[in-house]
């Protein structure tokens, strides 16, 4: 019996954890290497992404890549 087993594509997120409030942070969909498709983000999400990148080390930790939880 040949069964075709399909696995959903792995989804990842780039997570900027807050340095001051545990459990808080910003997450953005990305590929396995951490690249965020800016064209797929809403205007608000894009602004938040650029903000988070600009305050790494001051408000947010270095971003980490992790599997998205859905």
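In this note's numbering, the protein residues as written are 1 to 70.
Built from N, CA and C at the ideal position, the CB exists for glycine as well.
Keep in mind it's a predicted model, so treat the numbers as computed, not measured.
- Less than 7 Å divides the Cβ of residue 12 from the Cβ of residue 65.
- With fewer than 16 other CB atoms across the displayed protein chains lying within 10 angstroms of its CB, residue 68 is exposed.
- Residues of the same chain with their beta carbon placed closer than 6 Å to that of residue 43 are lacking, with the five preceding and five following residues left out of the count.
- Contact between residue 25 and residue 51 fails: their C-beta atoms lie close to 12 Å from each other, not under 8 Å.
- Going by C-alpha positions, residue 54 is about 10 Å away from residue 48.
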